[in-house]
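Have a look at the structure below before the remarks.
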Amino acid sequence: DSGVTQTPKHLITATGQRVTLRCSPRSGDLSVYWYQQSLDQGLQFLIQYYNGEERAKGNILERFSAQQFPDLHSELNLSSLELGDSALYFCASSTLTSGGTSTDTQYFGPGTRLTVL
Amino acid sequence: AQSVAQPEDQVNVAEGNPLTVKCTYSVSGNPYLFWYVQYPNRGLQFLLKYITGDNLVKGSYGFEAEFNKSQTSFHLKKPSALVSDSALYFCAVRDSLLYGNNRLAFGKGNQVVVIP
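As given, the protein sequences belong to chains A and B, one line each in that order.
Counting in the working numbering, the first sequence runs from 1 upward without gaps.
Counting in the working numbering, the second sequence runs from 1 upward without gaps.
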């Protein structure tokens, strides 16, 4: 168990809908990352937050947004869902205490499997 | 951008034999390299990382990896494979040199099958 929790484990919804994925980082970790894993794209970085602020953006669609709250948990919002959004969404956290160049290890949660029908 | 490549799709090995999972990298500057393992319906588990120093890195569950700068490789190894090592293995590299950007770029993954 990495200490990173994600809810829900599974989510089944219809095209055009909106969902929210939730992540609680390991105790003491200030940085949260979101990744998407799909069969055709593999594991792709979406976005990183550090202590409530966005730090890096990857291949995240405009329909997707995220935030990190004062208690450091994070939410990934996916809207106007399409069939191609079906994937496993992982959250990871790391200490990143300095906020700068880091070799911190990212610890991953169990993921949320999203199925769009 | 930094990147890693895992040239094989699947690695088959008999139980008790040495296991090697290959990874090559392409980076500007110093490479920060990681190995993760994913079991079915589970998240990614950290195995080990190379930051600097000794080229042989020891990690969890008896795994180790050898960093080779001249060959730009970071192969994962285990002296004696177990059936329970059957899983999907990912090599990753820190993808950005920008301050505060700690994103990882992953390889496509290697399915390891350990045959009893």
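All C-beta atoms in this analysis are idealised placements derived from N, C-alpha and C, irrespective of residue type, glycine included.
I want to see whether chain A comes within less than 8 Å of residue i, judged by CB atoms only; does it?
i, result
"Leu88(B)", "no"
"Gly29(B)", "no"
"Leu19(B)", "no"
"Lys49(B)", "yes"
"Tyr9(B)", "Residue identity differs from the one stated: residue 9(B) is Asp in this sequence, not Tyr. Judged by the 8 Å Cβ criterion, Asp9(B) is not in contact with chain A."
"Lys69(B)", "no"
"Leu76(B)", "no"
"Asn102(B)", "yes"
"Tyr32(B)", "yes"
"Asp168(B)", "It is not possible to answer for residue 168(B), since the shown part of chain B is limited to 1 through 116."
"Gly109(B)", "yes"
"Gly62(B)", "no"
"Leu82(B)", "no"
Helix, strand or coil for residue i, going by three-state DSSP, please let me know.
i, result
"Leu117(A)", "coil"
"Gly42(A)", "strand"
"Tyr61(B)", "helix"
"Val83(B)", "helix"
"Lys57(A)", "strand"
"Thr24(B)", "strand"
"Thr95(A)", "coil"
"Glu75(A)", "strand"
"Ser65(A)", "strand"
"Arg42(B)", "coil"
"Lys69(B)", "coil"
Return yes when the Cβ of residue j is within less than 8 Å of the Cβ of residue i, no when it is not.
i, j, result
"Cys91(A)", "Gln6(A)", "yes"
"Thr20(B)", "Val4(B)", "no"
"Lys77(B)", "Glu66(B)", "yes"
"Glu82(A)", "Val32(A)", "no"
"Phe90(B)", "Phe106(B)", "yes"
"Ser74(A)", "Cys23(A)", "yes"
"Val19(A)", "Leu114(A)", "yes"
"Ser86(B)", "Val113(B)", "yes"
"Glu53(A)", "Ile47(A)", "no"
"Leu56(B)", "Phe45(A)", "no"
"Tyr89(A)", "Leu43(A)", "no"
"Val27(B)", "Gln6(B)", "no"
For residue i, write down the residues that DSSP places opposite it in a beta bridge.
i, result
"Glu82(A)", "In DSSP, Glu82(A) forms no bridge with anything."
"Tyr13(B)", "Sequence check: residue 13(B) is Val here, not Tyr. Partner(s): Val114(B)."
"Phe106(B)", "Ala92(B)"
"Ser24(A)", "Thr5(A)"
With a cut-off of 8 Å on the beta carbons, I'd call residue i and residue j a contact; round off their distance for me.
i, j, result
"Leu44(B)", "Phe108(A)", "4 Å"
"Leu78(A)", "Asp71(A)", "Rounded, the Cβ-Cβ distance is 22 Å, inconsistent with contact."
"Val93(B)", "Tyr39(B)", "Incorrect: roughly 22 Å between the Cβ atoms, too far for contact."
"Gly109(B)", "Leu88(B)", "5 Å"
So is residue i in contact with chain B if we call contact Cβ pairs under 8 Å?
i, result
"Arg26(A)", "no"
"Gly52(A)", "no"
"Tyr49(A)", "no"
"Gln36(A)", "no"
"Gly58(A)", "yes"
"Phe69(A)", "no"
"Gln17(A)", "no"
"Phe118(A)", "This structure does not reach residue 118(A), given that chain A is present from 1 up to 117, and the question cannot be answered."
"Tyr89(A)", "no"
Mind checking whether the beta-carbon of residue i lies closer than 7 Å to any heavy atom of the ligand MG?
i, result
"Ser2(A)", "As presented, the structure is devoid of all ligands, the ligand MG included, so that no description of it is given."
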